[in-house]
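Student: In terms of the working numbering, the sequence shown opens at residue 890 and continues consecutively. We treat Cβ as the ideally placed atom computed from N, Cα and C, and that holds for glycine.
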Amino acid sequence: MQSPPSTARPDGERPGFHVAILMDGNGRWATARGLPRPAGHQAGADALRHIVEAAPDLGIRTLTVYALSSDNWHRPKREVMGILRMLRTRLRAQAADCLQRNVRISVIGRRDRLPRHVLAAIEDAERLTRDCDGWHFRIAVDYSARHAIAQAALRAAHQGGLHEASPTGEDPAALALFAAGMRSDLGPDVDLVIRTGGEQRLSDFLLWECSYAELYFTPTLWPDFDGAALADAVAEFRRRDRRFGRVPALVGAR
Ligand code: IPE
Ligand code: IPE
Ligand code: MG
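1. Nearer than 6 Å: is that true of the beta carbon of N915 relative to any heavy atom of ligand 1?
2. What do you reckon, are the CB atoms on R1005 and D1031 nearer than 7 Å?
3. State the start and end residues of the unbroken beta strand (DSSP E) segment that holds T1018.
4. State the CB to CB distance for the pair A936 and W1111, rounded to an integer number of angstroms; the pair is presumed to be in contact (CB under 8 Å).
5. Just how far apart, CA to CA, sit D900 and C987?
6. Can you tell me where the beta strand (DSSP E) with A947 in it begins and where it stops?
7. Is the distance from the Cβ of S1033 to the Cβ of D1093 below 7 Å?
8. So what's S1033 in DSSP terms, helix, strand or just coil?
9. Would you grab the beta carbon distance between T1085 and D913 for me? Rounded to a whole angstrom, and I think it's under 8 Å.
10. Find out if the Cβ-Cβ distance for the pair I940, F906 is shorter than 7 Å.
11. Which term fits F1133, buried or exposed, when burial requires 16 or more other beta carbons within 10 angstroms of its beta carbon?
12. Quick check: what's the CA-CA separation for D1080 versus C1099?
13. Between A934 and I1028, what straight-line distance do the alpha-carbon atoms span, to the nearest angstrom?
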């Protein structure tokens, strides 16, 4: 009997290949070394720099990283402010480097609660790199997928038109209107989600965009995650059989 055609697709080489990372485990990394938690966040930022260097050679065209969730405001204020200060410093230091490498930087998430100095660094980095088209590096700060989706629903409702859509919510026009409402926070569909640190949950990250994402969990703590670890995750992704609700033989006919 003839074997069914392979459904494995080289998504890693598609122009839009989108990887999203929950960079978890900084605190435990520091605690295990007898260091304060901020040392873990600093080490995590170093790890991120290496991942940004490794990403384009792996075919990644959009990388979205979770730097601070909206729920992280429930942490001690000192820790959150330390993370935001570090974000500002790193953005200031790395924006020129991204410009040189033709990498566009965007930040997604709420902006109304960020300190002004952080907002200024974000806007400067975005402005400096806005014409870069090599690949897209997105950083989620004060981000909540539920909030982003609720905002999109509100905007779509204000714009009108939703009431004419199919009540099943499957109407492509309604979905397009809704997605348009998510404006700059809406990225391309996520192909691969990586979560370091051993937990196996999404923690309110890109819930809309991850509908058909492949999930990859690793116990490696974020500061120890390097280019080789990223390559392993992408290799595992390429072995996955993505069916998008279809039966295997029909996938190629999408
Ligand atoms: C991820 O590391 C960074 C942020 C959430 C800002 P954590 O700080 O959550 O590290 P653990 O999970 O406590 O080890
Ligand atoms: C998720 O990590 C947020 C980031 C990686 C920035 P958390 O450590 O905040 O998530 P939970 O609390 O374990 O779900
Ligand atoms: Mg954590």
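Tutor: So, from the listed chains and residues:
1. yes
2. no
3. Note, T1018: premise wrong, no beta strand (DSSP E); alpha helix (DSSP H) at 1005 to 1018.
4. 6 Å
5. Annotation note: pLDDT 43 at D900 (below 50); position unreliable, coordinate value reported separately. So the two alpha carbons sit approximately 24 Å from each other.
6. A small fix is needed here, since residue 947 is Leu in this sequence, not Ala. Note, L947: premise wrong, no beta strand (DSSP E); not H, not E.
7. yes
8. coil
9. 5 Å
10. no
11. exposed
12. 7 Å
13. 12 Å
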